[in-house]
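Have a look at the structure below before the remarks.
Next comes the structure, spelled out in structure tokens:
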């Protein structure tokens, strides 16, 4: 059959599709791949939808409106889903994401994400569903200032936030870090109460981020009488050495004229900042070295040594060696520790090839100070390996294993547990292939319990196939702690795996696990625990935890319906007073709590009356304290009343 002349597919040619996609946002271009298979194959470069960017509501809902859309996500990832969607600015998608995430209310982090992206509509939508404290409002203001969004900054003030004297300087430093002169001017405007906002830290932070023009503008706004001494100039140079380009840094050095008067320790710090700078580090280091007056021999002793993920670390180390820095002994071991802790595979490989090895015992030189330094390096080595495992840095761990770097039994277990807690299966496989899981069932059980905190079904299933699991006869407290860790992770699929496939028994008292879900406001996890048959526990303070977590009234009502009973309604009311700012929701909670306390008082009086009647009836059969009660009163009181009645009657007859 011939294609009709008005068929739109005639215009859907590859060349035109490419042109159309190139002018669309990446998420919209990705949705074009749904047209047909040919378009999907053609637009493979648009295969990822970024949640922080606007997504068409229909496409978003197709992915996230299903009942089990977040089943495999941990609570942290579900929070991230809401925050990223808030940053996209699409309110319809934010509503879908909030529903899918399964929390009673969004957190302040979502409002901060929206404010940082300048998404005022999302800020308003979120603020209608949670009550921000003063500290949280300040964090939202700082996020908006850092993003340079003065409209969102003004919205925070219009929402009732009243900055304190120390809040305006923080807002200015945030705006300076972000590089927005408009936001800085907004913070300095005295009509908004920004008097006293100026501080030299804002100038330094602007330089540290490479905003040279903004730093000059901020310096010009310095009020009369503000600090402008040589230490302030040195602090600015130190920031410029880290963040500015070589030309700007050299101009600042020559303009201030403080380089010649610097003490040697300050010069070494300045050189170290230049060496680890992300911008023009070699040119700045060469310039400082040419000024003379010091040796960089001790530069590596200034922590933190290297920025995280620095691929140029070998070049920087080579420059320092070429200029007289000796990488030997404890000093070299400290550099290796820093590189391992920051998961810098390039730096670790370079140091190991240079023959650097960790200090694992003994001294590092002569004298008490050298011995203390070596001891600190030994403890730092164990912590660095643990951090590398916690981040899942497989390449760093592989380099250490292949080089034969010493790692004690306790440190191996610590690293393996850290990798399990982080949910890094590749790191777990590497460590177990090199060192094994452990020599006892107890060790394997501890490893499995560490993995529970990751919320990763993949890791739990892999460990289960290797014989890891809950040891028979596990103590009740250990079971409670394990399920609490699983609830904190908040992955529905992992919770179901533990209950149905891993053979983990449910504790008799699930108060800890339910409390962990409550502290995060995680309704989805709490309902999953109830569905799996975990009792929430009576008298465990869950209602008090809900009040302290600023959860709304429907949450407390649902907990009461689940069978949770407070240890004291008075304590729950105190939690509301201490945690909630004055607002309508707090008023509703206080009214409801007053009603509950009144009902409890009525039940107590009824129980007392019932007990008194029972005591009178059975007084002959049950002598003693219970049988001697009359009308709910203790013997001395009712005897006194009886004596008074007899006296009154005899007085009346007389």
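Numbering (the numbering used here), first residue to last: 2 to 655.
Even for Gly, the Cβ is constructed at its ideal location relative to N, Cα and C.
Which one of 272, 361 and 518 has the shortest CA to CA distance from residue 317?
As a working mapping, residue 317 is identified with position 316 in the chain shown. The residue from 272, 361 and 518 with its alpha-carbon nearest to that of residue 317 is 272.
Between residue 86 and the ligand ZN, is there a pair consisting of the residue's CB and a ligand heavy atom that are separated by less than 8 Å?
Among the components of this structure there are no ligands whatsoever, and the ligand ZN is therefore not found.
Using CA coordinates, which residue listed in 91, 202, 131 and 99 is at the minimum distance from residue 219?
Working through the chain shown from its first residue, we reach residue 219 at position 218. Each of 91, 202, 131 and 99 was checked against the Cα of residue 219, and the nearest Cα belongs to 202.
Based on the DSSP output, what are the partners of residue 168 in its beta bridges?
Here residue 168 refers to the residue found at position 167 of the chain shown. Answer by DSSP bridge pairing: none, since residue 168 is not bridged.
Between residue 403 and the rest of its own chain, which residues show a CB-CB distance below 8 Å, the 5 nearest in sequence each way excluded?
In the chain shown, counting from the first residue as 1, residue 403 sits at position 402. None.
What distance in whole Å lies between the Cβ atoms of residue 427 and residue 395, which are believed to be in contact at a cut-off of 8 Å?
Taking the chain shown and counting its residues from 1, the one referred to as residue 395 is at position 394. Taking the chain shown and counting its residues from 1, the one referred to as residue 427 is at position 426. Yes, residue 395 and residue 427 are in contact; Cβ-Cβ is about 5 Å, under 8 Å.
Reference residue 324; option with closest CA among 413, 39, 288 and 144
As a first step, residue 324 is located in the chain shown; it is residue number 323 there, counting from the start. Nearest C-alpha to residue 324: 288.
Kindly identify the DSSP beta-bridge partner or partners of residue 104.
Along the chain shown, read from residue 1 onward, the residue named residue 104 stands at position 103. For residue 104, the beta-bridge partners assigned by DSSP are 523.
Measure the alpha-carbon distance for residue 424 versus residue 417 and round it to whole angstroms.
Numbered from its first residue, the chain shown carries residue 424 at position 423. Numbered from its first residue, the chain shown carries residue 417 at position 416. Answer to the nearest angstrom: the Cα atoms are 11 Å apart.
What's the gap between the Cα of residue 307 and the Cα of residue 235?
As a working note, residue 307 is residue 306 in the chain shown. As a working note, residue 235 is residue 234 in the chain shown. Distance between the alpha carbons of residue 307 and residue 235: 21 Å.
Within 10 angstroms of its Cβ, does residue 174 collect 16 or more other Cβ (buried), or is it exposed?
Reading the chain shown from its first residue, position 173 is the one you call residue 174. Per the 10 Å Cβ criterion, buried.
Report the residue ranges of all alpha helix (DSSP H) runs contained in full by the stretch 193 to 280; include only those spanning at least 4 residues, in chain order.
For the stretch 193 to 280, whole alpha helix (DSSP H) runs of length 4 or above, ordered along the chain, are 201 to 209, 213 to 221, 231 to 244, 247 to 257 and 265 to 276.
Residue 76 by DSSP, collapsed to three states: which one?
Against the chain shown, residue 76 aligns to sequence position 75. Looking at residue 76 - three-state DSSP - the assignment turns out to be helix.
Taking 6 Å as the limit between beta carbons, can you name the residues of its chain near residue 567, skipping five residues before and five after?
On the chain shown, residue 567 is found 566 positions in, with the first residue counted as 1. Excluding positions up to five away in sequence, the list reads 544 and 573.
So, are the CB atoms of residue 512 and residue 481 less than 9 Å apart?
Residue mapping note: residue 512 aligns to position 511 of the chain shown, counting from 1. Residue mapping note: residue 481 aligns to position 480 of the chain shown, counting from 1. Residue 481 sits close to residue 512, with the two beta carbons spaced by under 9 Å.
Which of helix, strand or coil DSSP assigns to residue 308:
As a working mapping, residue 308 is identified with position 307 in the chain shown. Here residue 308 sits in coil by DSSP.
When you compare only the Cα positions, how much space is there between residue 429 and residue 421?
Taking the first residue of the chain shown as 1, we reach residue 429 at position 428. Taking the first residue of the chain shown as 1, we reach residue 421 at position 420. CA-CA distance, residue 429 to residue 421, rounds to 7 Å.
Let me know the secondary structure DSSP gives residue 436 once reduced to three states.
As a working note, residue 436 is residue 435 in the chain shown. Three-state result, residue 436: helix.
Taking the beta carbon of residue 266 as the centre, do at least 16 other beta carbons fall within 10 Å, making it buried, or is it exposed?
Position 265 of the chain shown holds residue 266. Answer is exposed; the Cβ neighbour count stays below 16.
Using alpha carbons as the reference points, say which of 441, 413 and 443 lies closest to residue 431.
The residue given as residue 431 occupies position 430 in the chain shown. Per the Cα distances, 413.
So, does the stretch 521 to 533 touch the stretch 488 to 497, judging by three or more C-beta pairs under 8 Å?
By the Cβ test, the stretch 521 to 533 is in contact with the stretch 488 to 497, since at least three Cβ pairs between them sit closer than 8 Å.
Just tell me which of 502, 210 and 53 has its CA closest to the CA of residue 278.
In the chain shown, counting from the first residue as 1, residue 278 sits at position 277. Nearest C-alpha to residue 278: 210.
Starting from residue 315, trace the alpha helix (DSSP H) in both directions and tell me its first and last residue.
As a first step, residue 315 is located in the chain shown; it is residue number 314 there, counting from the start. For residue 315, the uninterrupted alpha helix (DSSP H) run begins and ends at 314 to 323, by DSSP.
Reducing DSSP to helix, strand and coil, say where residue 94 ends up.
Walking along the chain shown from the start, residue 94 turns up at place 93. Helix, per DSSP.
Residue 659 and residue 180 look like a contact to me (Cβ under 8 Å); what is the Cβ gap, rounded to whole Å?
Any question about residue 659 goes unanswered here, given that the chain covers just 2 to 655.
Give me the Cα-Cα distance between residue 399 and residue 225, rounded to the nearest whole angstrom.
Translated into positions along the chain shown, residue 399 becomes position 398. Translated into positions along the chain shown, residue 225 becomes position 224. Straight-line Cα distance between these residues: approximately 58 Å.
Selected residue, minimal CA-CA separation from residue 54, among 37, 34, 87 and 81
The residue you call residue 54 lines up with position 53 of the chain shown. The shortest C-alpha separation from residue 54 is found at 87.
Environment of residue 140 [buried if 16+ CB atoms lie within 10 Å]
For the purposes of this step, residue 140 is taken as residue 139 along the chain shown, with counting starting at 1. With 16 or more other Cβ atoms within 10 Å, it is buried.
Residue 239 versus residue 580: straight-line alpha-carbon distance, rounded:
Within the chain shown, numbered from 1, the residue matching residue 239 stands at position 238. Within the chain shown, numbered from 1, the residue matching residue 580 stands at position 579. The straight-line gap from Cα to Cα measures roughly 42 Å.
Look at the alpha carbon of residue 253 and the alpha carbon of residue 382, and state the distance between them as a whole number of angstroms.
Locating residue 253 in the chain shown gives position 252, counting from the first residue. Locating residue 382 in the chain shown gives position 381, counting from the first residue. Here the C-alpha atom of residue 253 lies approximately 39 Å from the C-alpha atom of residue 382.
Near residue 458, what residues of its chain come up, given a Cβ to Cβ distance below 6 Å and the 5 sequence neighbours on each side ignored?
On the chain shown, position 457 is the one that residue 458 refers to. Beyond the five residues adjoining it in sequence on each side, residue 458 comes within less than 6 Å, by CB distance, of 494, 495 and 498 in the same chain, given in chain order.
Within 9 Å, strictly: CB atoms of residue 357 and residue 336
To locate residue 357, count along the chain shown from 1; it is residue 356. To locate residue 336, count along the chain shown from 1; it is residue 335. Yes.
Start and end residues, alpha helix (DSSP H) containing residue 153:
By 1-based counting over the chain shown, the position of residue 153 is 152. Residue 153 -> alpha helix (DSSP H) spans 151 to 159.
Do residue 154 and residue 184 have their C-beta atoms closer together than 9 Å?
In the chain shown, residue 154 corresponds to position 153, counting from 1. In the chain shown, residue 184 corresponds to position 183, counting from 1. In this structure, the beta-carbon distance from residue 154 to residue 184 falls below 9 Å.
Roughly how many angstroms separate the alpha carbons of residue 486 and residue 462, rounded to a whole number?
Numbered from 1 along the chain shown, position 485 holds the residue referred to as residue 486. Numbered from 1 along the chain shown, position 461 holds the residue referred to as residue 462. When only Cα atoms are considered, residue 486 and residue 462 end up about 17 Å apart.
Are the stretch 502 to 519 and the stretch 462 to 481 in contact at 8 Å, needing three or more beta carbon pairs?
Touching, yes, given that three or more Cβ pairs across the two stretches are closer than 8 Å.
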